[in-house]
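Each remark here refers to the structure printed beneath this line.
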Amino acid sequence: MTRSPARAAMMLSLVAEAGDPRLVTWRERCDPLELWQSVVRGGAEIPDRWHDGAAAAPRQADAALRRADVVGARWVVPGSPGWPVALDDLDQLEGIGQVTGAPLGLWVRGGGDLTSIASAPIAVVGARGCTTYGAEAASDIAADCADQGHAVISGAAFGIDACAHRGALLGGGPTVAVMACGVDVDYPRAHAALLRRIAEEGLVISEFPPGAQPQRHRFLVRNRIIAALSVGVVVVEAAGRSGSLNTLHWADQLGRTTMAVPGPITAQASCGTHRAIREGKALLVTSGRDVVADTFGLVDDGLPHVGPAARRVWVRLEAEPQPAGQIASALRLSPVAVHRALRELRGHGVVLVTEAGWSRDITGPTEPGRVG
Numbered sequence: 005m006t007r008s009p010a011r012a013a014m015m016l017s018l019v020a021e022a023g024d025p026r027l028v029t030w031r032e033r034c035d036p037l038e039l040w041q042s043v044v045r046g047g048a049e050i051p052d053r054w055h056d057g058a059a060a061a062p063r064q065a066d067a068a069l070r071r072a073d074v075v076g077a078r079w080v081v082p083g084s085p086g087w088p089v090a091l092d093d094l095d096q097l098e099g100i101g102q103v104t105g106a107p108l109g110l111w112v113r114g115g116g117d118l119t120s121i122a123s124a125p126i127a128v129v130g131a132r133g134c135t136t137y138g139a140e141a142a143s144d145i146a147a148d149c150a151d152q153g154h155a156v157i158s159g160a161a162f163g164i165d166a167c168a169h170r171g172a173l174l175g176g177g178p179t180v181a182v183m184a185c186g187v188d189v190d191y192p193r194a195h196a197a198l199l200r201r202i203a204e205e206g207l208v209i210s211e212f213p214p215g216a217q218p219q220r221h222r223f224l225v226r227n228r229i230i231a232a233l234s235v236g237v238v239v240v241e242a243a244g245r246s247g248s249l250n251t252l253h254w255a256d257q258l259g260r261t262t263m264a265v266p267g268p269i270t271a272q273a274s275c276g277t278h279r280a281i282r283e284g285k286a287l288l289v290t291s292g293r294d295v296v297a298d299t300f301g302l303v304d305d306g307l308p309h310v311g312p313a314a315r316r317v318w319v320r321l322e323a324e325p326q327p328a329g330q331i332a333s334a335l336r337l338s339p340v341a342v343h344r345a346l347r348e349l350r351g352h353g354v355v356l357v358t359e360a361g362w363s364r365d366i367t368g369p370t371e372p373g374r375v376g
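Each residue of the sequence shown is one higher than the last, beginning at 5 in the numbering used here.
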């Protein structure tokens with residue numbers, strides 16, 4: 005019997021379907037280690053499927069770790085270093101359909117720090133069968149967002165997703181691919197080279213174990229992670245029943261900024277985005293500048309080029325000083341990430357620090373001083 009909460013969470017993820025609302029109920033009552041012990045014992049309250057899979061789970065976990073090691077992936081769980089706390093918001097929702105709850109953990113492929121990359125990212129999603137117009141729009145918006153210091157999140161699918169990832173890489177920023185399969189599975193196969201580059205310059209993540217193959221329902225399950233990780237979601241081309249509208253719905257439920265790019269009024273590929281705009285479910289955007297302005301309430305803040313965490317902290321700062329801990333709590337960032345961001349802003353001479361805390365320097369950029 006394992007004594008590691010992280011390994012217990014891993015084995016739970018092997019026996020319970022991702023997004024199962026029963027996991028949320030159980031996690032309100034006990035930690036992963038206690039839940040796993042209950043699963044092994046079985047009982048009336050434990051689903052048969054969970055208990056029946058418990059015997060094989062340790063071997064499957066070992067196999068998953070071996071596959072993860074081949075591609076340099078790691079297992080990250082809630083509360084551990086590298087866990088993006090924005091995902092915890094999912095536990096506060098009733099869910100969509102039969103899916104809800106934060107993942108038990110994430111498999112993370114790539115050398116980047118997920119908490120830093122995901123400090124203020126923008127998701128760009130849309131149709132697999134996109135038009136040339138949609139492909140160019142997605143690439144341009146992603147590149148512009150990346151150039152402004154925001155990581156771009158998408159799902160690595162054909163069409164808009166791939167254009168968003170490539171645009172972000174062209175813009176010089178990291179990008180995160182959220183998979184509906186294992187992080188070591190090249191899906192679609194034609195994107196093997198793209199996924200390798202994303203892992204080199206950003207991250208490939210999944211709640212499904214290495215080796216897991218994509219299944220239709222898993223694409224909808226992973227959409228909640230794309231939405232939760234992001235501060236804003238942009239849909240570029242979506243037909244009436246497009247899965248990307250499911251991501252937009254998750255974003256709306258989570259209180260993220262929801263946006264859509266309009267297309268030709270006669271285009272079926274944009275009828276879903278047009279409906280979202282018309283019904284007030286998405287803001288109309290046509291550029292990365294629009295996306296950043298609508299997400300962060302900025303048009304031209306005069307801020308030098310800084311990283312996404314620093315920009316997010318800047319938005320939170322006011323003329324009145326605030327303690328760094330208060331800023332971290334409000335933004336749901338770690339104190340270390342906030343202090344690093346404040347030092348970056350201080351280096352540009354746009355913030356002040358006093359005994360009362362940190363504030364914007366309303367006099368404008370000055371010669372940076374030393375920060376202790």
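Note that the Cβ used here is the ideal one computed from N, Cα and C, for glycine as well.
Using only alpha-carbon positions, find the residue among the options that is nearest to residue i.
{"i": "Q426", "options": "L356, G351, S246", "result": "Beyond the ends of the chain as shown, which are 5 and 376, falls residue 426; an answer cannot be given."}
{"i": "R457", "options": "A20, L118, A150", "result": "Not covered by the structure: residue 457. The range shown for the chain is 5 to 376."}
{"i": "P325", "options": "R260, A332, E359, G351", "result": "E359"}
{"i": "A286", "options": "V239, V317, W318", "result": "V239"}
{"i": "A155", "options": "A59, T135, G206, H55", "result": "G206"}
{"i": "A264", "options": "T270, I50, M14, A242", "result": "A242"}
{"i": "T104", "options": "R31, V129, W40, A48", "result": "R31"}
{"i": "F162", "options": "P25, A194, E322", "result": "A194"}
{"i": "E322", "options": "W254, G351, E348, V357", "result": "V357"}
{"i": "L2", "options": "A160, A59, D73, G284", "result": "Residue 2 is absent from the structure shown; the chain starts at 5 and stops at 376."}
{"i": "L258", "options": "E283, N227, E204", "result": "N227"}
{"i": "A13", "options": "W40, R33, H55", "result": "W40"}
{"i": "G130", "options": "G244, R315, H221, A332", "result": "G244"}
{"i": "A22", "options": "V342, A172, L108, A68", "result": "L108"}
{"i": "V208", "options": "A72, G101, G284", "result": "A72"}
{"i": "P192", "options": "V225, R132, G171", "result": "R132"}
{"i": "Q102", "options": "R315, T367, G284, H221", "result": "H221"}
Give the straight-line distance between the Cα atoms of residue i and residue j, rounded to the nearest whole angstrom.
{"i": "Q18", "j": "P213", "result": "It should be pointed out that residue 18 corresponds to Leu in this sequence rather than to Gln. Going from the Cα of L18 to the Cα of P213 covers about 7 Å."}
{"i": "L335", "j": "Q217", "result": "35 Å"}
{"i": "Q330", "j": "R344", "result": "15 Å"}
{"i": "V43", "j": "G175", "result": "47 Å"}
{"i": "A77", "j": "D298", "result": "34 Å"}
{"i": "A147", "j": "P178", "result": "10 Å"}
{"i": "P36", "j": "G99", "result": "21 Å"}
{"i": "R70", "j": "V235", "result": "34 Å"}
{"i": "D66", "j": "C134", "result": "40 Å"}
{"i": "L16", "j": "T290", "result": "43 Å"}
{"i": "R7", "j": "A48", "result": "24 Å"}
{"i": "V303", "j": "A150", "result": "With a pLDDT of 45 at V303, under the threshold of 50, the modelled position of that residue is not reliable, and no figure is offered here."}
{"i": "S338", "j": "E348", "result": "15 Å"}
{"i": "L110", "j": "H253", "result": "22 Å"}
{"i": "Y137", "j": "L97", "result": "35 Å"}
{"i": "Q64", "j": "G351", "result": "49 Å"}
{"i": "T251", "j": "Q219", "result": "17 Å"}
{"i": "A203", "j": "L249", "result": "26 Å"}
{"i": "G46", "j": "P62", "result": "16 Å"}
{"i": "L173", "j": "I269", "result": "31 Å"}
{"i": "A68", "j": "R33", "result": "28 Å"}
Could you pull out every residue in the same chain whose Cβ sits closer than 7 Å to the Cβ of residue i, ignoring the five residues on either side in sequence?
{"i": "P82", "result": "D92, A106"}
{"i": "P266", "result": "S274, T277, H278, I281, L288"}
{"i": "V75", "result": "R113, V187, D188"}
{"i": "Q3", "result": "Outside the shown range of the chain (5 to 376) lies residue 3, about which nothing can therefore be said."}
{"i": "A196", "result": "D190"}
{"i": "L346", "result": "V317, A328, V355, W362"}
{"i": "V28", "result": "D95, T104, G105"}
{"i": "E371", "result": "In this prediction, E371 scores a pLDDT of 39, lower than 50, which makes its location untrustworthy; no coordinate-derived value is stated."}
{"i": "A58", "result": "V19, V43, V44"}
{"i": "F223", "result": "A184, G247"}
{"i": "R26", "result": "P51"}
{"i": "H55", "result": "V43, G46"}
Beta strand (DSSP E) containing residue i: first to last residue?
{"i": "W111", "result": "110-113"}
{"i": "L207", "result": "207-210"}
{"i": "A286", "result": "Premise fails: A286 is in no beta strand (DSSP E) and is neither H nor E."}
{"i": "V129", "result": "126-130"}
{"i": "T4", "result": "Lying before the first or after the last residue shown, residue 4 is absent from the chain, which here runs from 5 to 376."}
{"i": "S158", "result": "156-158"}
{"i": "V19", "result": "Taken as a continuous stretch (DSSP letters only), V19 belongs to no beta strand (DSSP E), being part of the alpha helix (DSSP H) at 9-19."}
{"i": "R364", "result": "361-364"}
{"i": "T262", "result": "261-265"}
{"i": "T358", "result": "355-358"}
{"i": "G236", "result": "236-240"}
For residue i, I'd like the list of residues in its chain whose CB is within less than 8 Å of its CB, leaving aside the five on either flank, ordered along the chain.
{"i": "L233", "result": "P88, A90, L91, A122, P125, A127, I157, V180, V182"}
{"i": "A255", "result": "A127, A231, S234, G236, V237, T261, T262"}
{"i": "A341", "result": "T119, S120, S123, A313, A332"}
Could you check where the alpha helix (DSSP H) with residue i kicks off and where it finishes?
{"i": "V75", "result": "61-75"}
{"i": "I331", "result": "328-335"}
{"i": "V28", "result": "25-31"}
{"i": "W54", "result": "52-57"}
Can you find the residues in the same chain that come closer than 6 Å, C-beta to C-beta, to residue i, ignoring five residues on each side of it along the sequence?
{"i": "F300", "result": "V319"}
{"i": "A10", "result": "V81"}
| query | Do the region 167-184 and the region 140-158 make contact, defined as three or more Cβ pairs closer than 8 Å? | reply | Touching, yes, given that three or more Cβ pairs across the two stretches are closer than 8 Å.
| Touch check for the region 119-134 and the region 84-99: three-plus C-beta pairs under 8 Å? | The region 119-134, when compared against the region 84-99, does touch it at the 8 Å Cβ threshold.
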